[in-house]
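Residue numbers (my numbering): 2 to 620.
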Amino acid sequence: MKNFVFIMLLTCLMWAKGFAQETKRPNIVWLTSEDNSIHYMKLYSEDGVATPHIESLADQGLVFNHAFSNAAVCSAARSTIISGVYGPKIASHYHRRQAKVPMPEGLKMFPAYLRQTGYYTSNNSKEDYNIYKSDDVWDNSSNKASWRNRSEGQPFFHVQNFAVTHEGSMHFKHNAFEEENTDFDQTNATIQPNHPQTELFRYSNARYRDQISKLDNQIGSFISKLEADGLMDDTFIFYFGDHGGVLPGSKGYLYETGLHVPMVVYVPKNFRHLVDLDAGTRLDGFVSFVDLAPTVLNLAGVRLPDGLDGQSFLGKGVDMEEMNQRDETYSYADRFDEKYDMVRAVRKGNYKYIRNYQRFNIDGLYNQYRYKQLGYQQWLEKFEKGELNEAQSAFFMPRQVELLYNVEDDPYEVNNLAEKQEYSKVLKQMRVLLKEKENDLHDLSFYPEYYLIQHAFENPEAFGQMNSKEIKRLASIADLQLLSISKSHKKLFKALASDNPWERYWALIVCSSYMKKIPQLLPVIKAIANNDNLLINKVRAAEYLAIVGEQAPQKVMTEALYASQDVTEAMLILNSMALMKSPAFDYVFNLDVSKIRVLSEEKKLIKELMKRVNYLKNN
Numbered sequence: 002m003k004n005f006v007f008i009m010l011l012t013c014l015m016w017a018k019g020f021a022q023e024t025k026r027p028n029i030v031w032l033t034s035e036d037n038s039i040h041y042m043k044l045y046s047e048d049g050v051a052t053p054h055i056e057s058l059a060d061q062g063l064v065f066n067h068a069f070s071n072a073a074v075c076s077a078a079r080s081t082i083i084s085g086v087y088g089p090k091i092a093s094h095y096h097r098r099q100a101k102v103p104m105p106e107g108l109k110m111f112p113a114y115l116r117q118t119g120y121y122t123s124n125n126s127k128e129d130y131n132i133y134k135s136d137d138v139w140d141n142s143s144n145k146a147s148w149r150n151r152s153e154g155q156p157f158f159h160v161q162n163f164a165v166t167h168e169g170s171m172h173f174k175h176n177a178f179e180e181e182n183t184d185f186d187q188t189n190a191t192i193q194p195n196h197p198q199t200e201l202f203r204y205s206n207a208r209y210r211d212q213i214s215k216l217d218n219q220i221g222s223f224i225s226k227l228e229a230d231g232l233m234d235d236t237f238i239f240y241f242g243d244h245g246g247v248l249p250g251s252k253g254y255l256y257e258t259g260l261h262v263p264m265v266v267y268v269p270k271n272f273r274h275l276v277d278l279d280a281g282t283r284l285d286g287f288v289s290f291v292d293l294a295p296t297v298l299n300l301a302g303v304r305l306p307d308g309l310d311g312q313s314f315l316g317k318g319v320d321m322e323e324m325n326q327r328d329e330t331y332s333y334a335d336r337f338d339e340k341y342d343m344v345r346a347v348r349k350g351n352y353k354y355i356r357n358y359q360r361f362n363i364d365g366l367y368n369q370y371r372y373k374q375l376g377y378q379q380w381l382e383k384f385e386k387g388e389l390n391e392a393q394s395a396f397f398m399p400r401q402v403e404l405l406y407n408v409e410d411d412p413y414e415v416n417n418l419a420e421k422q423e424y425s426k427v428l429k430q431m432r433v434l435l436k437e438k439e440n441d442l443h444d445l446s447f448y449p450e451y452y453l454i455q456h457a458f459e460n461p462e463a464f465g466q467m468n469s470k471e472i473k474r475l476a477s478i479a480d481l482q483l484l485s486i487s488k489s490h491k492k493l494f495k496a497l498a499s500d501n502p503w504e505r506y507w508a509l510i511v512c513s514s515y516m517k518k519i520p521q522l523l524p525v526i527k528a529i530a531n532n533d534n535l536l537i538n539k540v541r542a543a544e545y546l547a548i549v550g551e552q553a554p555q556k557v558m559t560e561a562l563y564a565s566q567d568v569t570e571a572m573l574i575l576n577s578m579a580l581m582k583s584p585a586f587d588y589v590f591n592l593d594v595s596k597i598r599v600l601s602e603e604k605k606l607i608k609e610l611m612k613r614v615n616y617l618k619n620n
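Pasting the structure below:
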């Protein structure tokens, strides 16, 4: 009898110990650096800078060779992360926001689910969401937030943001370039082939790597706090950049330098059973920011809510062999500060497909914050002086509608394969892949931002679903860009004559994308420029007529600007005016600021608009 009691007691104790191990939940820490792509770290690139503290995390965890932001700028990227939802689906992808959007119905920002199950959630301290945040997301989100404020024994999720590598660190003056040395050897810093091969760009490359070294030291100091608290054996530590880098043509653009981020995950000793891989493993499977929310929830043992767009890449139920076969990512770019565009991209394996919906826009269109960087200024100066080769000049020229790159062979995306016959099959496959994604999401950017703010922002996802047929119809008009004029002009004429203003809008954009006179359409386009009941359609018509050299745009565009009573509509009008002023077209505007009605709005609403006004005033 005594033996039986002893065996039962021992069995209960073993069961209790196993249950405790099973129910104990990991802590999760994110170390998020601003404005970093893979191209500048030795962990990923031969000419990158060493990051010993990040590398030490990798030695005890995983390195993701293919991690991607879905957007190339802070607020759009971070809105994707916190929501687990693609930006064009809920209109959270405009940077800087003119208005916030709600989360989709029935879905919370993911830390709220952690809090519901007992986690302490803290964020130090950048948020930058374009989405309304409810009170149940963070226990503390401030520059004093710390896991140390939790209850004893409580699991935690903590985000620590590092700003030392932010774009602002590259806003140095000429005297710094001329007088200050860099720690990183400037002769060892590769200048990408589409940049001017100058001493300034060499200095900028080295200086940026110096900032990454400072970042690594800051991360080392932070990790020492976790070590001091005895947390390393129970804490997953993610390090990743919040989108790509800051050298010209990266942040704000859907090239790999703007999207392909470093990501390392330290796997703690007591939770290695959740990740069935050896320490130090490098993974080739694709992950992106939309996958972070489900991954954290899965590691924490939280049931995934319906409505997330991503999929977990770590934790229970994840087949790591299958995960390492994932090979697709999707990205989007629309407004960055005062600069408008509409670009979408998909990458599958080695191939990257970019769709420029407004190909007449130029990548180098003036953007006040970007052009604080001396590199942007010098790049433009050399273009205007005719001192650049074809690859370097492309930044200031209208683009192709479709771009296709083999990014493993061509990491800086200078060799467009889209028009090469031997890649026609790949091109069609990538085109279909993008179309499927846009149809699934009901991409809201087929309407102008100002219209969405007026009509969709109470429930953007529902608006997209309700208007899915119209969105597909507008997308089909936009796809006429992919056809020759001879095959499209009848459909374009029908769209230009449509009672639907957005069909006219997209038909005008398609005409401008051809960048050629279409004689049979000129009369109707001139009529739209003079008589359309939508100001933006008058502007788009004037834009086309100017692009093909048929009519100067100043009168139509300035009158539309003066007549506008919506700040965001006026910003879009001003974007077309800035394009007309750019070196690609070289028109001069003489604005009477007193006639711009929307300048009477409150300062925070017109902040981005004023950047454009000041640019156009400076002739």
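C-beta: ideal position from N, C-alpha, C; glycine also.
Residue range of the beta strand (DSSP E) that includes residue i
i	result
isoleucine 1	A query on residue 1 cannot be resolved here, the shown segment of the chain reaching from 2 to 620 and no further.
Enclosing alpha helix (DSSP H) for residue i [first to last residue]
i	result
aspartate 338	Unbroken run through aspartate 338: none, as it is neither H nor E.
tryptophan 380	375-385
serine 205	200-229
methionine 233	Taken as a continuous stretch (DSSP letters only), methionine 233 belongs to no alpha helix (DSSP H), as it is neither H nor E.
asparagine 176	175-180
arginine 151	Premise fails: arginine 151 is in no alpha helix (DSSP H) and is neither H nor E.
isoleucine 91	88-91
proline 53	53-60
Beta-ladder partner(s) of residue i, from DSSP
i	result
serine 142	Asn124
alanine 68	Val262 and Val288
glutamine 161	Leu32 and Asn125
tyrosine 45	Beta-bridge pairing links tyrosine 45 to no other residue.
tyrosine 370	Beta-bridge pairing links tyrosine 370 to no other residue.
phenylalanine 272	DSSP, once it has assigned bridges, lists no residue as partnering phenylalanine 272.
glutamate 329	Lys349
valine 303	Paired residue(s): none; valine 303 is not in a bridge.
Collapsed DSSP secondary structure at residue i in the structure displayed
i	result
serine 289	strand
serine 477	helix
glutamate 403	strand
glycine 638	Nothing can be reported for residue 638, as the shown portion of the chain is limited to 2 through 620.
serine 605	Contrary to the premise, residue 605 reads as lysine rather than serine in this sequence. In this structure, lysine 605 counts as helix in the three-state DSSP scheme.
glutamate 23	Note on glutamate 23: pLDDT 49, under 50, position unreliable in the model; the coordinate value appears next. Glutamate 23 falls in the helix class under three-state DSSP.
isoleucine 83	helix
valine 651	Within the shown structure, residues of the chain are numbered from 2 to 620, placing residue 651 beyond reach of any answer.
arginine 283	strand
histidine 167	coil
tyrosine 254	coil
leucine 14	The pLDDT assigned to leucine 14 is 39, lower than 50, so where the model puts this residue is not dependable, and the model offers no usable value.
alanine 457	coil
isoleucine 355	strand
valine 319	coil
valine 1	In the structure as shown, the chain starts at 2 and stops at 620, and residue 1 therefore has no counterpart that could be examined.
isoleucine 132	strand
Alpha-carbon spacing of residue i relative to residue j, whole angstroms
i	j	result
serine 268	isoleucine 238	Strictly speaking, residue 268 in this sequence is valine, with serine absent from that position. Approximately 7 Å between the Cα atoms of the pair.
threonine 645	lysine 215	This structure cannot settle anything about residue 645, because the visible part of the chain is limited to 2 through 620.
isoleucine 192	glutamine 379	14 Å
proline 105	aspartate 292	17 Å
aspartate 411	asparagine 351	10 Å
histidine 54	asparagine 390	40 Å
glycine 311	proline 295	7 Å
glycine 154	aspartate 230	12 Å
lysine 608	alanine 496	35 Å
threonine 139	proline 112	Looking at the sequence itself, residue 139 is tryptophan, so the reference to threonine does not match. Each residue's Cα considered, the two are about 7 Å apart.
valine 102	alanine 301	28 Å
leucine 10	lysine 317	Caution is warranted here: a pLDDT of 45 is assigned to leucine 10, below 50, making its placement in the model unreliable, and the coordinate value is therefore given only provisionally. Spanning the two alpha carbons is a distance of roughly 31 Å.
serine 565	leucine 535	10 Å
glutamate 23	asparagine 144	Here the model assigns glutamate 23 a pLDDT of 49, short of 50, so the residue's position is not dependable, and the following value carries that caveat. Answer to the nearest angstrom: the Cα atoms are 34 Å apart.
leucine 483	valine 402	7 Å
asparagine 532	leucine 493	18 Å
arginine 98	glutamine 455	14 Å
proline 194	threonine 258	13 Å
glutamate 437	methionine 324	21 Å
lysine 109	serine 289	19 Å
phenylalanine 20	proline 27	Summary for phenylalanine 20: the model assigns pLDDT 36, below 50, so the residue's position carries little reliability; its value from the coordinates is reported in the next sentence. Those two C-alpha atoms are separated by around 15 Å.
lysine 100	asparagine 131	Correcting the residue identity first, residue 100 is alanine in this sequence and not lysine. Distance between the alpha carbons of alanine 100 and asparagine 131 is about 8 Å.
asparagine 362	glutamate 603	29 Å
tryptophan 148	alanine 392	49 Å
Minimum Cβ-Cβ distance from residue i to chain B less than 8 Å
i	result
methionine 611	No chain B appears in this structure, which consists of one protein chain only.
Report task. Within the region 508-589, note down every full beta strand (DSSP E) run reaching 3 residues or more, in order along the chain. Result -> At a cut-off of 3 residues, not a single continuous stretch assigned as beta strand (DSSP E) sits fully inside the region 508-589.
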